[in-house]
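What follows is a single structure, written as structure tokens, with notes after it.
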Amino acid sequence: MRKIVLGVVALAILAGAAFVGFTQWTQARARAEVEQVFTALRLHGAKATHGDVGFDLASRSLTIDAISLESADGRERITVANLIARGISPPKDGQFSAKSIELNALDVTLAERPGADSARYQLPRVQIEDYQGPTAVLSVPAGEGKHAALRFGLRHFATLSASKVQAPEAHRAPRRCRPRAISTGWKPPPSTPPRSSP
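Under the numbering used here, residues 3 to 200 are what the sequence shown spells out, in order.
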């Protein structure tokens with residue numbers, strides 16, 4: 003589950019990077035800032051795409067649709083139907099804050115090595131409250147290997163804060179298996195009633 007949390011953090015920071023354009027109150031500027039972040043990811047070998055980018059001035063909300071991130075070796079993949087940051091405050095000293103950041107239909111696929119069986123985690127909704135973090139994605143740390151992503155995630159963890167992170171429901175679907183419910187740490191698994199004796 004650690005890599006899933008790191009993925010959620012990266013997506014939250016993505017909202018901050020996009021908000022640099024949001025403050026200009028122009029759709030074109032917001033799209034350009036989002037694309038700049040995705041271009042930086044591609045330069046490091048990752049596959050990164052997104053759909054529409056929009057904002058609502060009245061509610062100070064930013065939306066990024068159809069986010070897809072995949073590692074260079076294909077072992078890790080994250081998709082999100084949409085990311086919605088609400089109640090955004092203007093950036094200051096390289097930081098921005100949002101009353102809430104919502105991730106809908108978060109899907110994470112992980113494999114130990116290329117070509118190996120993968121595990122798939124599905125989180126219908128992740129809610130982050132009172133978020134504060136950087137307006138730009140930090141540079142990728144030097145070095146490669148299986149711990150590079152962890153070092154990258156820990157650097158980001160040190161720069162952000164949130165009062166609450168909620169994921170009411172999650173499902174794990176191992177390769178070629180049907181999904182089954184798992185506990186995420188935020189909600190206990192449902193109890194099973196005892197079977198009656200025959």
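Where a beta carbon is used, it is the ideal one built from N, C-alpha and C, also for glycine.
#### Entry: Counted within 10 angstroms of its Cβ, other Cβ atoms place Ala60 as buried (16 or more) or exposed
exposed
### Message
Measuring straight from C-alpha to C-alpha, what distance separates Asp109 and Val36?
### Response
20 Å
### Task
State buried or exposed for Asp58, treating a residue as buried only when at least 16 other CB atoms are found within 10 Å of its CB.
exposed
### Query
For Ser70 versus Ala48, is the C-beta distance shorter than 8 Å?
no
### Message
Output needed for Ala87: all residues of its chain with C-beta closer than 6 Å, excluding positions within five of it in sequence on either side, in chain order.
### Response
Ala17, Leu64, Ala100 and Ile103
### Message
Quick check: the Cα distance between Phe165 and Gly135, rounded to an integer number of angstroms?
### Response
Contrary to the premise, residue 165 reads as Ser rather than Phe in this sequence. Roughly 12 Å between the two C-alpha positions.
### Query
Roughly how many whole angstroms lie between the Cα atoms of Ala34 and Ala107?
25 Å
#### Entry: Coil, strand or helix - Thr41 by DSSP
helix
#### Entry: Arg62 - DSSP class collapsed to helix/strand/coil
coil
### Task
List the endpoints of the continuous beta strand (DSSP E) containing Arg238.
The requested residue 238 is not part of the displayed model; the chain covers only 3 to 200.
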